[in-house]
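Before any comments, here is the structure.
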Amino acid sequence: MTKAFLQCIEDGCHRKHTLDRKDYRCDACGGMLEIGYDAPRVAPQALRQTWQSRKSTSAIEDQSGVWRFRELLPFVPEGSNVVTLGEGHTPLLDVDRAGQWAGGVRLAIKHQGNNPTGSFKDLGMTACITEAAILGSRVTVCASTGNTSASMSAYAVRAGMKAVVTVPAGKISAAKLAQALEFGAVVIEIGETFDDSFRLLRALTAELNLYLVNSLNPFRLEGQKTIVCEILEQRDWRVPEYIVVPGGNLGNVSAIGKGLRELKELGLIEKLPRLVVTQAEGANPFYRMVANNSAELIPVAEPRTEASAIRIGNPVNWKKAIRAIRATEGMVESVSDDEIFAAKAALAHDGVGCEPASATTIAGIRKLVASGKIPRGADIVAVLTGHQLKDPEISLRRRGEADLARQRLRVEPDVNKLRAALERVLASA
Ligand code: F0G
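Quick note on numbering: our numbering labels position 276 of the sequence shown as 915, and the sequence is numbered without any gaps.
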């Protein structure tokens, strides 16, 4: 089996560490760590065939859109079970109307909301809870804007572990909170922002020997990187010109960047798509960093956006994310909440729903086409990170009054009144 290790990402260091450490900081320089491994010596064509053939078996590892690509996750010792809910294998859908709305691009969405707990987090969680089980952890913890907590709670309970999450008080959607509670997690509401709750939790993880699953945990990114294998498989390995993802803590863009790099190293693709990160205007420290050409990220002290999933001012993965942007000649865009909800409404015309954070991608594409940074006709995959039902309150609140007057009718329980209402609807059809 291929040997995996942890490795510092800092240029000039790259020190290797064993897999069993939990602080994910380099001993030598304090830098972030990622999983490294010696690439499997398998011809690209053989790998593709192996991955394809697993689709027709009934083994749960083969049905998972993460473990089907297990040659790229060689950290599970032979004979260990993986903790899976059959995540991944999400649809890649053309969305022609949204593509027109965004300025006339060839647009497809990869819908990660179609995962067991309704977000892309499940891809990372199967990998990192599997690792937690290998290490014999009994308690897993995370700080979250909601989706990570729902996902971790599900995978932890499945693995027989206790889940504890910290969330900003009163700031996450009721649907996500209900998920974590239903899976038996203890939910600690603490601080005003995700950044507060993350900072406080991190201060205690080592002292209390807690297994932290936030995306600074490199095993998370290993699971999440497999999305690129699925996207490329679904496109018969034709590389798109752009892959667009929302940016919060910047784990996902880092994972996708790593996945692309490895596929290129393995000879599975010859060129890289340009990665584009989209952030909400009130929580856009990464956008500012790139726009100002700064060497360091300056946190946003009071992040604000109605896209609560990405209300993050101090993203932990910015160093990995900037590598991914540079390596792919990528871009970062920033969009207002109005633009986010307009994009969400545009997507709905293709029959596709998502949570607000996900719609930043479509809003960002429209802005980049309008400014000429993405050409019309470009071939683009946007990653929708969360399910439409993750945040129903905000969708209702954001539906304009005119739309609601037309769409949401209250009729007295009388067949004649109902007939009259239906006739008005039919007349306008
Ligand atoms: N989209 C959704 C729906 C999210 O829940 C998140 C992050 C992101 C995008 C941003 O991804 O952090 O990898 O850049 N949610 C985290 C959470 C922070 O706690 O659920 P990222």
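Yeah, the Cβ is synthetic: ideal placement off N, Cα and C, and Gly gets one too. All values reported here derive from a predicted model rather than from experimental measurement.
By the three-class DSSP mapping on this structure, what secondary structure does residue i have?
| i | result |
| --- | --- |
| Q691 | helix |
| V780 | strand |
| C868 | helix |
| G969 | coil |
| R1047 | coil |
| I951 | coil |
| D662 | coil |
| D1018 | strand |
| C668 | coil |
| N859 | What sits at residue 859 in the sequence shown is Arg, not Asn. Three-state DSSP puts R859 in a helix. |
| G1025 | strand |
| R645 | In the sequence as presented, Arg is not what sits at residue 645; that position holds Leu. Here L645 sits in strand by DSSP. |
| T805 | strand |
| I768 | helix |
| I773 | helix |
| V892 | helix |
| I979 | helix |
| I882 | strand |
| K958 | helix |
| K1012 | coil |
| V1069 | With the chain represented from 640 up to 1068, any question about residue 1069 goes unanswered, as that position is not in the structure. |
Quick check on the burial criterion: 16 or more other C-beta atoms within 10 angstroms. Buried or exposed for residue i?
| i | result |
| --- | --- |
| A960 | buried |
| E584 | Given a span of 640 to 1068 for the chain in the structure shown, any question on residue 584 remains unanswerable. |
| V1099 | Because residue 1099 is not part of the residues shown, which for the chain are 640 to 1068, the question remains open. |
| I776 | Looking at the sequence provided, one finds Ser at residue 776 rather than Ile. It is buried - the Cβ of S776 has at least 16 other Cβ atoms within 10 Å. |
| A1009 | exposed |
| E1093 | Since the first residue of the chain shown is 640 and the last is 1068, residue 1093 is not available in this structure. |
| E831 | exposed |
| V1064 | exposed |
| K655 | exposed |
| G1016 | exposed |
| G669 | exposed |
| A602 | No information on residue 602 is available, as it lies outside the stretch 640 to 1068 that the chain covers here. |
| S719 | exposed |
| E972 | buried |
| N891 | buried |
| E673 | buried |
| E821 | exposed |
| H988 | exposed |
| N856 | buried |
| N923 | buried |
| P879 | buried |
| G1011 | exposed |
| D1053 | exposed |
| P683 | exposed |
Using 9 Å as the limit for Cβ to Cβ distance, is residue i near chain B?
| i | result |
| --- | --- |
| Q739 | Of the protein chains in this structure there is only one, and it is not chain B. |
Cβ-heavy atom distance between residue i and the ligand ATP below 8 Å?
| i | result |
| --- | --- |
| S997 | Here the bound small molecules are the ligand F0G; the ligand ATP is not part of this structure. |
Which ranges would you report for the alpha helix (DSSP H) in the region 808-850 if only whole runs of at least 4 residues count?
Listed in chain order, they are 813-821, 833-844.
Give a yes or no on contact between the region 861-877 and the region 926-939, applying the rule of three or more CB pairs nearer than 8 Å.
Not touching, per the Cβ criterion.
Are the region 778-788 and the region 942-957 touching, with three or more C-beta to C-beta distances below 8 Å?
They touch, by the three-pair rule.
Mind listing, in chain order, the continuous alpha helix (DSSP H) runs of no fewer than 4 residues lying wholly within the region 672-760?
With a minimum length of 4 residues, the continuous alpha helix (DSSP H) runs that stay inside the region 672-760 are 683-693, 699-702, 735-740.
Cβ pair count under 8 Å reaching 3, the region 810-823 against the region 845-853
Fewer than three beta-carbon pairs drawn from the region 810-823 and the region 845-853 are found closer than 8 Å, and the two stretches are therefore not classed as touching.
Any 3 or more C-beta pairs closer than 8 Å across the region 996-1008 and the region 1033-1045
Flag = no, the region 996-1008 and the region 1033-1045 do not touch.
Taking contact to mean 3 or more Cβ pairs, one atom from each stretch, closer than 8 Å, check whether the region 761-772 and the region 717-729 are in contact.
Taking 8 Å as the limit for Cβ pairs, the verdict is that the region 717-729 does touch the region 761-772.
Hey, is the region 678-686 in contact with the region 694-703, meaning 3+ C-beta pairs nearer than 8 Å?
Between the region 678-686 and the region 694-703 there are fewer than three inter-stretch CB-CB distances shorter than 8 Å, so the stretches are not counted as touching.
Does the contact criterion of 3 or more C-beta pairs under 8 Å hold for the region 954-973 versus the region 1040-1050?
No, the region 954-973 does not touch the region 1040-1050.
For the 8 Å Cβ check, are there 3 or more pairs between the region 912-924 and the region 884-902?
Yes, since at least three Cβ pairs between the region 912-924 and the region 884-902 fall closer than 8 Å, the two stretches touch.
Check whether the region 795-814 and the region 927-934 are in contact - that is, three or more C-beta pairs closer than 8 Å.
A contact is defined here as three or more CB-CB pairs under 8 Å, and the region 795-814 fails this definition with respect to the region 927-934.
Touching or not, the region 663-670 and the region 732-740, by the rule of three or more beta carbon pairs under 8 Å?
Result no; under three Cβ-Cβ pairs closer than 8 Å.
Let me know the alpha helix (DSSP H) ranges lying completely inside the region 895-953, each 4 residues or longer, listed in chain order.
As for any alpha helix (DSSP H) of minimum length 4 sitting wholly inside the region 895-953, the runs are 924-930, ordered along the chain.
State whether the region 850-863 contacts the region 821-831, with contact taken as three or more CB pairs (one from each stretch) at a distance under 8 Å.
Between the region 850-863 and the region 821-831 there are fewer than three C-beta pairs closer than 8 Å, too few to call the two in contact.
Do the region 1022-1033 and the region 749-758 touch if we need at least three Cβ pairs shorter than 8 Å?
Per the Cβ contact rule, the region 1022-1033 is in contact with the region 749-758 (3 or more Cβ pairs under 8 Å).
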